[in-house]
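Please read the structure below before turning to the comments.
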Amino acid sequence: MKDLQARLYIGYAALLLLTLVVYANSLANPFHYDDIHSIVDNPHLRALVRVPSYFVDPSAFSGDPDIAMYRPMLLVTFALNHALGGYEVLGYHLLSIGLHMACVLFVGAIAKRLLGNAWAAFFAAGLFALHPIQTEPVNYISSRSEILAALFFLLGFWAYLLGGTRHWAWVGLAYAAGLLSKSIVVVLPAVLLAYEIIVRRRWPRDKQGLFALLFFVGGLYLLTVRSMLLRATITAPVRPYSEQFWTQIKAMVFYLQMLVWPANQSVDHQFILSDSLFDPIVAVASFFLLSLIWLGIHHRHPHAVPLFALAWFFIILAPSTLVPLNVLVNEHRLYLPGAAFAIAIAYAGHGLQQKIGGLWAGGLALLVLVTGAWATTERNEIWRDEYTLWGDAAAKAPLMARPFIYLGNAYARDGRVEEAVAAFEHVVRRDAKYAPAYAQLGKLYLLQGRDEHAAEILQRGFAVDGDNLELWVGLAEFHYGRQDWLRCRAAYQRAVELAPNDPGLRNNLGNSHQALGQAKQALVQHERALQLAPGNPETLLNLGNARLMLQDLQQAVDYYQQALSVRGDFAGAWFNLGYVYELLADQQRALNAYDRAGELDQGFAAQAAQRRQGLTGSR
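Numbering (our numbering), first residue to last: 421 to 1039.
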């Protein structure tokens, strides 16, 4: 027995090391899509003193206050990562992998209780650790919520299996921590009840106190998130329930297929909505699922574990089935169902081993794990950058708009205008209601000098969504390029009405007022921008310019000097400061400021030389 225990310890140590090796090529993978607003641009994560606010303020989830989620435990881990290493991705990935390895150990411990065989449990842990379906939650840092929620779910389940009232506190604490990580853990009591009914074949009367505690904690959580839950389910669901239910029936079969044979993995699968049982694919999927359930129930007495694993799978996916979410199917939703799948496969493998012998079964198990490790390593490479990630998704899902949106944004950011145009033209063909694509195309057409196309595409966008902020900004930039200051001002005015707390828009509106000679109106906008973003050097420059227009020369000097105290290499502020000194007849300071502007930015060199010549020539 001691020899077996020692070999198991060595085996699990080797499995964890292999897991780390398999994910080693993911350690430099960058932040992706939701990581930007929830981590990189989220100011709430930049000081550990903000941690208590995570538990009372759902808007702390994101740098965008409109994206509110209640996941305080997740935010705590992000804040710790930032405190230790800023935005260096290595620490974020290492913590996610560490949490994944902890889940691996709990899967092995739970499987040992369910299967009664240590090596079958070890195989379940290995399959869970190395299955390529786990690459999305491990690589995608924001999806750490899946891993963290799973960790507390598995801890609670394991504590429950240990039995005895002394472990009830651990179950309750794990349940609470899981709910504070992600809402999917709300179904833990249902999984525990399924275990009692299917595996133990009894109603847990002796655990009524524990279930009462769990229902109390779950109810308190639902009460806390009720406004978000009501918005997602009743007041503003993203799609009708007729479409949601029947589409998710197909999704269940898709998820099972991805666990059995994870071919064509993608960050955005091509998945089409359905709204009726009479959809042929929905009908076939429904028949398959009902048949699977019937088989499980029919064979429940000799084979309770597979039926329980199937119940675990369906229960975990119930929230995403019942609550309409923006994305129809996501691989990261399979992280915790993947544990049930691994246990079911290990159960089947244990039965096979008794028929074909341990050597053959062990060889087959090793082949499965090696294949999973290889596929996982390969899939990690897809997360290397935006082009590989979204290029892969676009190639596999040409009918979807989202991959092309992210590809187009990457192309536009990197100055690859032609490719960006092609991507966003594809977007408006696939999703004609996505207004931001029209705004992006307007900007890109302007860069290409295709002004008429820009005007036309912006008008098409306004027909889709007349209140879209990006369209109004695009229209303002269009008029700015033509120096049509009246229309430019009107467009920025509307943009400010839509986003009154955006300091950049306030500055742009103020600059359009300046272009029209309306210095006092400009001053109002720049002062508001400074209130919204104190110390911003561009705003201070704009305030100096407005004061200069009003002939408040000393105040203009003060603002320019404040801008330079924030950013000493601000060439524009140096040049304008030189001009004000010239007006104040402070020749030496004017010369020094002009010289500094020319040194810092060649774009000011010719103007600075001209002003300098005018000053020295007047001696």
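Yeah, the Cβ is synthetic: ideal placement off N, Cα and C, and Gly gets one too.
Helix, strand or coil at residue i according to DSSP, with G and I counted as helix
i, result
"S985", "helix"
"A852", "coil"
"N449", "coil"
"G937", "coil"
"Y807", "helix"
"Q1041", "Residue 1041 lies beyond the range of the chain shown here (421 to 1039); nothing can be said about it."
"M489", "coil"
"S482", "coil"
"H752", "helix"
"P557", "helix"
"F475", "coil"
"Q690", "coil"
"N829", "helix"
"G536", "coil"
"Q860", "helix"
"Q868", "coil"
"V1041", "Not covered by the structure: residue 1041. The range shown for the chain is 421 to 1039."
"R880", "helix"
"S1047", "Any property of residue 1047 remains undetermined from this structure, which presents the chain solely from 421 to 1039."
"V645", "coil"
"H718", "helix"
"G992", "helix"
"Q951", "helix"
Cβ pair residue i, residue j closer than 7 Å
i, j, result
"F543", "G769", "yes"
"L1011", "R1032", "yes"
"A874", "G862", "yes"
"A911", "L891", "no"
"H752", "E566", "yes"
"A766", "A531", "yes"
"Y363", "A840", "The requested residue 363 does not occur in the structure, where the chain is confined to residues 421 to 1039."
"N888", "A855", "yes"
"P957", "A991", "no"
"R926", "A949", "yes"
"A993", "Y980", "yes"
"I736", "L756", "yes"
"V837", "L864", "yes"
"D989", "M820", "no"
"G598", "L633", "no"
"G1017", "F995", "One point to set straight first is that residue 1017 is Ala, not Gly, in the sequence displayed. Yes. Within cutoff."
"H502", "S482", "no"
"L866", "G901", "yes"
"W590", "L630", "no"
"A570", "V637", "no"
Length of the line joining the Cα atoms of residue i and residue j
i, j, result
"D871", "W666", "45 Å"
"A573", "L906", "A small correction: the amino acid at residue 573 is Phe; Ala does not occupy that position in the sequence shown. Their backbone Cα atoms lie some 59 Å apart in a straight line."
"H723", "F882", "60 Å"
"L608", "A652", "21 Å"
"D454", "A919", "21 Å"
"H946", "A671", "51 Å"
"A843", "L827", "7 Å"
"D477", "Y490", "8 Å"
"L494", "S696", "37 Å"
"F1024", "A857", "36 Å"
"V558", "R799", "11 Å"
"L1046", "F824", "No answer is possible for residue 1046: the residues shown for the chain start at 421 and end at 1039."
"T959", "N921", "14 Å"
"E845", "H899", "22 Å"
"R822", "L784", "39 Å"
"L438", "L754", "22 Å"
"I459", "S473", "16 Å"
"G583", "D626", "11 Å"
"G955", "L997", "18 Å"
Closer than 7 Å to chain D by CB, residue i
i, result
"G506", "Absence of chain D from the displayed structure is noted, only one protein chain being present."
Exercise. Does the segment 698-714 come within contact of the segment 741-748, defined as at least 3 CB pairs closer than 8 Å?
Worked result: no
For this session: Evaluate contact between the segment 792-803 and the segment 542-550, counting only Cβ atoms and requiring at least three cross-stretch pairs below 8 Å.
Result: By the Cβ test, the segment 792-803 is in contact with the segment 542-550, since at least three Cβ pairs between them sit closer than 8 Å.
Exercise. On the three-pair Cβ rule with 8 Å, is the segment 524-539 touching the segment 586-605?
Worked result: no
Problem set entry | Cβ contact check for the segment 459-477 and the segment 575-582: 3 or more pairs under 8 Å | no
Exercise. Using 8 Å as the Cβ pair cut-off and three pairs as the minimum, do the segment 993-1008 and the segment 965-974 touch?
Worked result: yes
Exercise. Does the segment 501-520 come within contact of the segment 443-454, defined as at least 3 CB pairs closer than 8 Å?
Worked result: Cβ pair count under 8 Å is three or more, so yes.
Problem set entry | Inter-stretch contact (C-beta, 8 Å, three-pair minimum) for the segment 725-736 and the segment 690-706 | Pairwise C-beta distances place the segment 725-736 out of contact with the segment 690-706, as fewer than three of them are shorter than 8 Å.
Exercise. Is there contact here, the segment 675-684 with the segment 800-812, by at least three beta-carbon pairs under 8 Å?
Worked result: no
Exercise. Can you find at least 3 beta carbon pairs, one from the segment 483-498 and one from the segment 422-433, that sit closer than 8 Å?
Worked result: no
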